Amino acid sequence: MLFTGEYEHTIDAKSRLAIPAEIRSGLEAEKHGTAFYVAPGTTDTLWLWPERLFEQMASATEASLLPNEDLLEFEELLYSQASRVEMDKAGRIRVPERLLKQALLGSSVVLLGVKDHLELRDPERWARQRDDKLAKQAELMMRARRAMQRVRSIHTED
Numbered sequence: 002m003l004f005t006g007e008y009e010h011t012i013d014a015k016s017r018l019a020i021p022a023e024i025r026s027g028l029e030a031e032k033h034g035t036a037f038y039v040a041p042g043t044t045d046t047l048w049l050w051p052e053r054l055f056e057q058m059a060s061a062t063e064a065s066l067l068p069n070e071d072l073l074e075f076e077e078l079l080y081s082q083a084s085r086v087e088m089d090k091a092g093r094i095r096v097p098e099r100l101l102k103q104a105l106l107g108s109s110v111v112l113l114g115v116k117d118h119l120e121l122r123d124p125e126r127w128a129r130q131r132d133d134k135l136a137k138q139a140e141l142m143m144r145a146r147r148a149m150q151r152v153r154s155i156h157t158e159d
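In structure tokens form, the structure reads like this:
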């Protein structure tokens, strides 16, 4: 599933976050699972992956029995901090309080669709970051295009 969009939400007193109906409607239990994994993302964010995708990503890094130090350090941090959270009948997940505190998130959050995952961010910090990114949009788009062209040229050489 491709996650897109920006949604302003509230985390209630029981640390529950409603997953937008638009996102829920695209999730299929067989393909995506019935839960999410929540883990710290980049600075002061939480990332949410559908459970099947998170498990596939975990399996992909198991190719070697001797991971390099960076991969080992990344895995120790990611998997030790991640939590599997079930979605209730109302489409809500309970975000662990320790993760909310770690990401400095209060009751007001913004939920972003970012390709293969969702991100929870503080609305004020996100507004500033979004404005900074929008000011550099043309530059970012050109760098992304060049990177995609390099990837395509590598694949056409195969």
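Start counting the sequence shown at 2; every next residue gets the next number (this note's numbering).
A virtual CB, placed ideally from N, CA and C, is assigned to each residue, including glycine.
Note that this is a predicted model, so its numbers are computed, not measured.
{"Item": "Reference S16; option with closest CA among V110, E70 and R53", "Value": "V110"}
{"Item": "Cα-Cα separation between E76 and F37, rounded to whole angstroms", "Value": "18 Å"}
{"Item": "Alpha-carbon to alpha-carbon, D133 and I12", "Value": "26 Å"}
{"Item": "Nearest neighbour of V86, chosen from K116, R53 and G107 [CA to CA]", "Value": "R53"}
{"Item": "Length of the line joining the Cα atoms of L18 and D123", "Value": "14 Å"}
{"Item": "Beta strand (DSSP E) segments (min. 3 residues) lying fully within the segment 25 to 103", "Value": "36 to 41, 47 to 51, 84 to 87 and 93 to 95"}
{"Item": "Cβ neighbour criterion (16 or more within 10 Å) applied to M88", "Value": "buried"}
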